[in-house]
Amino acid sequence: PTLVIEVGLSQSLRSLRGNADWWLRNSAGAVKIVLLFTLTESIRKLEIEKWELAAPDPNRPQTRAVTAQGVVPCNTQRLVITNGGSTVVGAPLSLAFESIFLRPPVHAQGEQDITFDAQEIGDWVTSLWASMH
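Start counting the sequence shown at 990; every next residue gets the next number (the working numbering).
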């Protein structure tokens, strides 16, 4: 797969991050994006993290964790949705078309990066919480 989605209700964010790291390091480059969804039901909070292989922070000390290509699994975007979906911080969530479909988009055919704005995310999360209760 080019896109992996990991969801945790009882699983910790730390554990999900370990899964993202594993997918990106062990897929021989096939997995381009890992999305992590962490739900905290008691306070109706959803966190979304987008992980991709990227160049490490230049201020980070060099370690064996850097791959041969000079890239490491990195959290490239984080969204926090609270108040049952009415507050969305970190939007929009954007997924590069080329990373998912392994080819450039054909703009003349309406193809482009997949983007979810704050309103769409908030509506989706509101529906999610409603379906869980």
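Even glycine gets a Cβ: it sits at the ideal position worked out from N, Cα and C.
Inter-residue Cα distance where the pair is residue i and residue j
i            : j            : result
residue 1079 : residue 1103 : 16 Å
residue 1120 : residue 1030 : 12 Å
residue 1091 : residue 1021 : 9 Å
residue 1099 : residue 1025 : 28 Å
residue 1114 : residue 1070 : 8 Å
residue 1093 : residue 993  : 20 Å
residue 1011 : residue 1064 : 13 Å
Proximity of residue i and residue j at Cβ, strictly below 8 Å
i            : j            : result
residue 1035 : residue 1023 : no
residue 998  : residue 1042 : no
residue 1067 : residue 1109 : no
residue 1045 : residue 1009 : no
residue 1074 : residue 1112 : yes
residue 1077 : residue 1097 : no
Buried/exposed call for residue i, threshold 16 Cβ in 10 Å
i            : result
residue 1087 : exposed
residue 1133 : Past the boundaries of the shown model lies residue 1133; the chain is included only from 990 to 1122, so the question cannot be answered.
residue 995  : buried
residue 1033 : buried
residue 1002 : exposed
Cβ-heavy atom distance, residue i to the ligand ZN, below 7 Å
i            : result
residue 1023 : The model depicted lacks the ligand ZN and carries no ligand whatsoever.
Beta-carbon separation (whole angstroms), residue i vs residue j, contact threshold 8 Å
i           : j            : result
residue 991 : residue 1019 : 7 Å
TODO: Note down, one range per segment and in chain order, each alpha helix (DSSP H) of at least 4 residues found wholly within the segment 1002-1030.
DONE: 1002-1015
- [ ] Let me know the alpha helix (DSSP H) ranges lying completely inside the segment 1044-1121, each 4 residues or longer, listed in chain order.
- [x] 1086-1090 and 1107-1121
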